[in-house]
Amino acid sequence: MSFAKYIDSLETSELQLTTIRTKLLQELFESKRPLTSDELVMKMDRHGVSAHRATIYRDLDYFVEKNIVSILKIVGEKARLYELNREHRHHFKCMKCGSIGVFSAPGVEKELAKLEKTLKKQNGWLVQSHSLKLYGLCKTCNKNDEK
Ligand SMILES: [Zn+2]
Ligand SMILES: [Zn+2]
328 MSFAKYIDSL ETSELQLTTI RTKLLQELFE SKRPLTSDEL VMKMDRHGVS AHRATIYRDL
388 DYFVEKNIVS ILKIVGEKAR LYELNREHRH HFKCMKCGSI GVFSAPGVEK ELAKLEKTLK
448 KQNGWLVQSH SLKLYGLCKT CNKNDEK
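Here it is in structure tokens:
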């Protein structure tokens, strides 16, 4: 989805297009990983967008409410992580340094689709979504461990 599409979705959600909202969306759009509210506040500062922390939090809540952004829940992560709702992806978290990576896995999707069919047949469960989070060591942390 292009950035313009997100701006459109703001407009269709009847959210006023303020500078802060546009910048917040832009940061989330350009980021390759989920961002905490603190990081977003810092980025707003860097852009010279003067905004109260409370305003930023409220805007993020609006985005979540309107399904434009989701809050990522990851074990051991105290800060709220915000992520733009884009194409379906999965997450990896390094348990040592806490870095979070994002990946898509078409093969996994195929297998899960099969599993979903089986579950429907065997248990009558209609699966509507899934999330996959992998935990381990990132490349850097893994290297350090080997020394
Ligand atoms: Zn790491
Ligand atoms: Zn998936």
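Plus 327 on top of the position in the sequence shown (first one is 1) and you've got this note's numbering. From the three backbone atoms N, C-alpha and C, an ideal C-beta is built for every residue, glycine too.
Can you give me the C-alpha to C-alpha distance between residue i and residue j, rounded to a whole angstrom?
{"i": "residue 469", "j": "residue 343", "result": "46 Å"}
{"i": "residue 395", "j": "residue 355", "result": "11 Å"}
{"i": "residue 378", "j": "residue 340", "result": "22 Å"}
{"i": "residue 372", "j": "residue 366", "result": "10 Å"}
{"i": "residue 331", "j": "residue 337", "result": "10 Å"}
{"i": "residue 437", "j": "residue 364", "result": "34 Å"}
{"i": "residue 420", "j": "residue 431", "result": "14 Å"}
{"i": "residue 403", "j": "residue 425", "result": "9 Å"}
{"i": "residue 423", "j": "residue 467", "result": "10 Å"}
{"i": "residue 450", "j": "residue 441", "result": "14 Å"}
{"i": "residue 454", "j": "residue 434", "result": "18 Å"}
{"i": "residue 393", "j": "residue 352", "result": "13 Å"}
{"i": "residue 475", "j": "residue 429", "result": "With the chain covering only 328 through 474, there is no way to say anything about residue 475."}
{"i": "residue 329", "j": "residue 405", "result": "30 Å"}
By a C-beta neighbour count over all protein chains shown, 10 Å radius and 16 as the cutoff for buried, is residue i buried or exposed?
{"i": "residue 390", "result": "buried"}
{"i": "residue 369", "result": "exposed"}
{"i": "residue 447", "result": "exposed"}
{"i": "residue 387", "result": "buried"}
{"i": "residue 385", "result": "exposed"}
{"i": "residue 333", "result": "buried"}
Might you give, ordered along the chain, the residues of its own chain that have their beta carbon closer than 7 Å to the beta carbon of residue i, omitting 5 neighbours on each side?
{"i": "residue 397", "result": "391, 410, 412"}
{"i": "residue 357", "result": "none"}
{"i": "residue 457", "result": "439"}
Starting from the C-beta of residue i, find all residues in its chain whose C-beta is less than 6 Å away, skip the five residues before and the five after it, and write them out in chain order.
{"i": "residue 399", "result": "361, 408, 410"}
{"i": "residue 459", "result": "417"}
{"i": "residue 414", "result": "none"}
Tell me which residues share the same chain as residue i and place their Cβ nearer than 8 Å to its Cβ, disregarding the 5 neighbours each side in the sequence.
{"i": "residue 376", "result": "346, 347, 350"}
Can you give the beta carbon distance from residue i to residue j, rounded, assuming they're within the 8 Å contact cut?
{"i": "residue 401", "j": "residue 427", "result": "7 Å"}
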